[in-house]
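Chains as they are written, first to last, in the numbering used here: chain A, 1491 to 1823; chain B, 84 to 410; chain C, 8 to 512; chain D, 419 to 755. Below: one structure, written as structure tokens.
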Ligand SMILES: Nc1ncnc2c1ncn2[C@@H]1O[C@H](COP(=O)(O)OP(=O)(O)OP(=O)(O)O)[C@@H](O)[C@H]1O
Ligand SMILES: Nc1ncnc2c1ncn2[C@@H]1O[C@H](COP(=O)(O)OP(=O)(O)OP(=O)(O)O)[C@@H](O)[C@H]1O
Ligand SMILES: [Mg+2]
Ligand SMILES: [Mg+2]
């Protein structure tokens, strides 16, 4: 059908592509913060402690991975706490445990992840069909997730005896716990999804200019739902990982992860308005947050002040990171 | 040069008005439906005493939500309101013995200044308000913990804040009346001054507002100030109710306050909304928080129901005619 | 001309307070370029959006190659072989050019949801080659210039060729308003190439362009078809007459209204102004003078304009208004000093879409609608209605959201914003007539003359060299961030475009 | 007028028909074993007197608790009996004031400011709590013994602004004074949470390495979290762990030897006893003025659970006789100090 071009092709003009200067802020902040703590505390810079930091980052990394896709779309997701609680209870009741005779092993884990996925779907549907802003939709889903978790809990703590699931937290490979490797795999998968799949690129594009996608004939609704479902699956896995760590299914498994994950993502350079950042950014953000929490304990900051100091440093880190991108007349929400 | 053919007389636009007006009343309708549903579930719910108690309960949430609404209208968010209110309860409880009646305005002033500091950090450092106020939340919590000695500060002589616990005309709790007055005052000031234009322009399109010479930064800092002041006032209501201040006393009001704003139909992305809507939203949220357990819904189901109802309520109240994209 | 590619019968579309389409008929034949002309708000974009499934008409039929169709979405229209370049730029800024080009019709570039970047790059390259653009397909779109982005859009719509097995219909809604002449030539070459196998619908407010590239022109007026002209031998004036129903004035630029500049003291005086993209700018504008700045893309003139308004940081130099230095540069200070700015990107920077005409108009000069610190609704209504009438702004009412108006009327409201206070001393106009119809443009020119006559100094970044020459008393040519030349441009002794172009490159 | 709400006055005390009594139990949430057993205990008691307990939970949210209480008191309060776990010290005063005005019978547990006393009130019958200083000290001593009286320990604190956290830590400090060989290497807040205890413990273990011989946790949830951390660091069994509350998992751990000691606080009994006291007063079987001052605010009996006696606590059993009106104060260990 193509008719030969009337104009001959011009020589290509090369434009800057790779990692931009503006993305350098968070990694630099990470190095600086790490350096400061390392200088202050010999225990902090021990190999053991670095392992400990990375291990401690595992669950947050997985949750942040999920939330990053939602944030990239310009939406927000506060459902992590509820979804993780529901997944934690589900998995602990499906693998070998002290409450019932189930012993589904991996299958149980899969079901828990799928449950997370289903909750994510609910958020997405509420956003897309009922047109409820994601802030509220996910808050509602979180409440529902906690309700489901409480129902499953039914008054008796389910303790898991599944050796594989318990082993995830205990056994090590090359010095890191299996959970850490799972988290690393999640980040890798997240990055591949973000870079090489339509789902990931569209999530990015929706954050950039949703209306344009519609104008181009793309049906954005299914992708929005899919992104929330993907995020839900990550939270589900996060719930499973917490269960593995604690050896028991807790309704509170996801407490606090929603806000920490958002903080980590934003500290890493993902914009809440969408269209910028990504899984790797978030991974840096997670490490930054974990280095902070660990470092403050290591250098012996009073528990009373820890939260405050952490907040201050996060604000400072973000402020430092945005300096290269400051413009007049820039929109900051 | 122009022939106004494509122009219909202005009467046509009147046709669209009833629908518009209906979306304006949606928060009230949602509220009425909720009260009706609770009454059906437990006929004893709809009594004068019960409503009086509910309105008294809702007062601090209304004030918190009203203040934060301004920040949301500007396109930002204030996550520090609850922590600031907690800190304010501590400060008030600590200062009441020395300052007496003067403690109230002083605490509100301090809260306003803290709001101003956060707003200034937001506009000067160019950090998203989400992050500034999240940082503010942790810092204020830490300060509250330290100054209170990590414990409750009892108010032995509460005569200076007792007036908030009285009833107007026997039935209307004073705190609720004050909350309504605050909302009315904010709404009035917005209505009769250019502030409304400035705030909406900032919220809808910050760059356009700036290029039109709107004092965007001032407006934002101002919104944070009001938000801080409201947090201070909410703290005073809490102290008058609790006879003490505590470093985490109001912390759990953050999400309900944001929920109240959104349930009221204010766009979380900024620009569109009003404090009146937040008032209705705060009442809906309060009824959900206390109504569901009181009419006997078991805890687990209560949470599920809360989640479902709040989503449905937002689906009803949000005026989508002005927002094309819901994020 | 043979079979009909597209036929529209009696299309009707109501918006609150407006009948955008009032029974339009339209015919597009195979292998022809159809021009669509009409004033701002005549319903062109609405009609075209109905043809790509973005607007659902209230009544009327659409036939594609003789078959009646109901178009529900852009994808639906694309399957029928209809594609469109929209009036407002519609690219995703944070994606690569290649992704934008194949967006919605990725074909072989995405297999089972997985991207194949090489294929995508190749596909995009093919499209870009068609229009002879040298853009790097993997460049992020927001790093491209405005005109490059327009080329990407055109490359994108040409994907229709690959997508549909029918001869495509390609709709271009004001594609040239942001292009330079060279790019316009490329585009026209493309349109002529497309005619070999496709039909093209072309919209532009530059009537000479329309007559140049089209085979036939349909004129819309007030949402109805007002007639049709074969372009061979037709005159722009004839078209114009059909658009507005009467003959327009000949003196487009209202040159006889131009008054010689008499002021001695410059109103605006800029010395050694430097910033990121411009260096050492000296500029004087006297009261009542119109100074145009011309230059190619990247000449930095837009940034100079923004810097004068305090919306762009400067590294050196000073700005004086009436001899008084502007301390604390910023948009507030500029407004206070009587400077007004009309940005080029109206939709994003010029107006607040969801707010009403009245609010947009009074956003800057709040004093004009207030008594004391309070808004006086009566005063505001009177003021706004006066300006709506004075500028013939077509709107259902002052409370209508400005986003609902047509582009030209939006622009008038944005201009009015600076005038309502009555204290404007310097106007910075960045492409003030972009996207305006001739009538509206003429209106804006007349307004500029009036303002100049009343002593307002104007800095104009013109939409075309002709406009610059027609309007300005003096023209500054910028090249690579510096002032390359200054050309006097008095009424009666206007320079030729060629004189300017020499300096520009 | 000053007050919109008004209730029955104290003169009506004891005039309720048993079937008219309304029993309400309020705790933070149903999603942890301790409070779940509290509500179950309440249910069991209510059933034993032919009534049902209304369960209220407030998610650890002070304001929500107040909101629920005032809504509850705005309803029919004539024969209302409330067994309440105030979220924090500061929440007790308004609850008491509300109950006073409405004339509802109230028993509170755990949290109350020191200067607020049931003896000064009519319908606030009793306040029950466990001696946190004592339990903190008991497990501190047990820990000291377990590590042979010598070595470093770390402490996991509860939510810093609660009386329970403070008392228990004060107990630890007392124990440290006595056991001079034991050194407190570090103390961090883990907010009574199992997950937080896990990460904090891991961090402290890397910080102090093999110097850590024991872990003192202000409740069992944190102790269980610490156990997981030890297991993950390959230190299971090498470091002694103590906690408080005797949740089933902890008792089992004590029995199995992975944990050194815990202290009983009997949720099921707490859930029943508050209702029982209120019910007895409401129905006239017990008169407030007859209740000894020492029983208006008291420490309940608690036991140190070690490997020796753990078997007795694995199956928590409540004795229905404990709830008879004559026996409701059987478990008083002493007046509040
Ligand atoms: N979404 C909308 N809501 C309400 N009114 C609208 C909407 N879109 C267009 N209109 C109105 O319909 C009429 C036709 O608008 P349209 O955009 O089709 O004009 P146009 O001919 O393309 O003008 P221009 O040359 O300025 O682009 C205008 O009066 C406009 O105000
Ligand atoms: N090389 C050239 N030859 C002839 N005319 C030119 C040339 N370059 C620019 N022009 C004309 O100058 C006028 C201004 O160009 P245009 O509006 O595209 O610039 P711009 O987008 O404002 O530039 P910039 O973004 O650099 O400020 C147009 O009429 C254009 O046709
Ligand atoms: Mg148009
Ligand atoms: Mg241009």
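Note that CB positions come from ideal geometry on N, CA and C, so glycine has one too.
Excluding residues up to 5 positions away in sequence, 1684 lie with their Cβ nearer than 6 Å to the Cβ of residue 1768 of chain A in the same chain. At least one CB atom of chain B sits nearer than 7 Å to the CB of residue 342 of chain C. At the C-beta level, residue 368 of chain B and residue 333 of chain B stay beyond 7 Å of one another. By the Cβ rule, the stretch 281-298 of chain B counts as touching the stretch 353-373 of chain C, because three or more pairs are nearer than 8 Å. A Cβ-Cβ separation of about 11 Å leaves residue 290 of chain C out of contact with residue 435 of chain C under the 8 Å criterion. About 26 Å separates the beta carbons of residue 1598 of chain A and residue 1615 of chain A, which is beyond the 8 Å limit, so they are not a contact pair. Note on the stretch 174-206 of chain C: whole beta strand (DSSP E) runs with a minimum of 3 residues are 176-180, in chain order.
Look at the stretch 318-329 of chain B: it has no residue with a C-beta under 7 Å from a C-beta of chain A. The CB of residue 214 of chain B never comes closer than 7 Å to any CB in chain D; the least such distance is about 23 Å. Beyond the five residues adjoining it in sequence on each side, residue 104 of chain C comes within less than 6 Å, by CB distance, of 142, 144, 146, 148 and 159 in the same chain, given in chain order. Within 10 angstroms of the beta-carbon of residue 717 of chain D lie 16 or more other beta-carbons, which makes it buried. Under the Cβ distance rule, residue 93 of chain C does not count among the residues neighbouring chain B, no pair being separated by less than 7 Å. Not flagged as an interface residue toward chain D: residue 348 of chain B, since no C-beta distance is shorter than 7 Å. Interface residue (Cβ-Cβ distance to chain C less than 7 Å): residue 1705 of chain A is classified as such. Taking C-alpha positions only, residue 444 of chain C is separated from residue 419 of chain C by approximately 12 Å.
Residue range 440-445 is occupied by the beta strand (DSSP E) that includes residue 444 of chain D. A Cβ-Cβ separation of about 6 Å places residue 59 of chain C in contact with residue 89 of chain C under the 8 Å criterion. In the three-state DSSP reduction, residue 1581 of chain A falls in the helix class (H, G or I).
Secondary structure at residue 273 of chain C: strand, using DSSP grouped into helix, strand and coil. Residue 295 of chain C and residue 311 of chain C have their alpha carbons spaced roughly 20 Å apart. One thing to note: residue 1636 of chain A has its Cβ within 7 Å of the Cβ of residue 386 of chain B. For residue 625 of chain D, the enclosing alpha helix (DSSP H) has its first and last residue at 612-626. Boundaries of the alpha helix (DSSP H) harbouring residue 155 of chain C: 153-164, taken from the DSSP string.
Taking a beta-carbon distance threshold of 7 Å, residue 1692 of chain A does not count as an interface residue toward chain B. Excluding residues up to 5 positions away in sequence, 186 lie with their Cβ nearer than 6 Å to the Cβ of residue 178 of chain B in the same chain. Using a C-beta cut-off of 8 Å, the stretch 1689-1702 of chain A makes contact with the stretch 1710-1724 of chain A, since at least three inter-stretch Cβ pairs fall below that distance. Straight through space, the alpha carbons of residue 200 of chain C and residue 40 of chain C are spaced by roughly 11 Å.
With a cut-off of 8 Å on Cβ pairs, the stretch 129-143 of chain C is not in contact with the stretch 81-96 of chain C, counting fewer than three such pairs. The Cβ atoms of residue 633 of chain D and residue 659 of chain D lie closer than 7 Å to each other.
Residues of chain C whose Cβ lies closer than 8 Å to the Cβ of residue 1723 of chain A do not exist, since the nearest Cβ in that chain is about 16 Å away. In the structure shown, the three-state DSSP call for residue 1738 of chain A is strand. Runs of alpha helix (DSSP H) with 4 or more residues, each lying fully within the stretch 521-569 of chain D, are found at 550-564, listed in chain order. The straight-line gap separating the alpha-carbon atoms of residue 282 of chain C and residue 318 of chain C is approximately 12 Å. In terms of side-chain proximity, the C-beta atom of residue 42 of chain C is found no nearer than 6 Å to any non-hydrogen atom of ligand 1. Relative to ligand 1, residue 419 of chain C has its C-beta separated by 6 Å or more from all heavy atoms. Contact note: residue 57 of chain C does not reach chain A at a C-beta cutoff of 9 Å; the least C-beta distance is about 14 Å.
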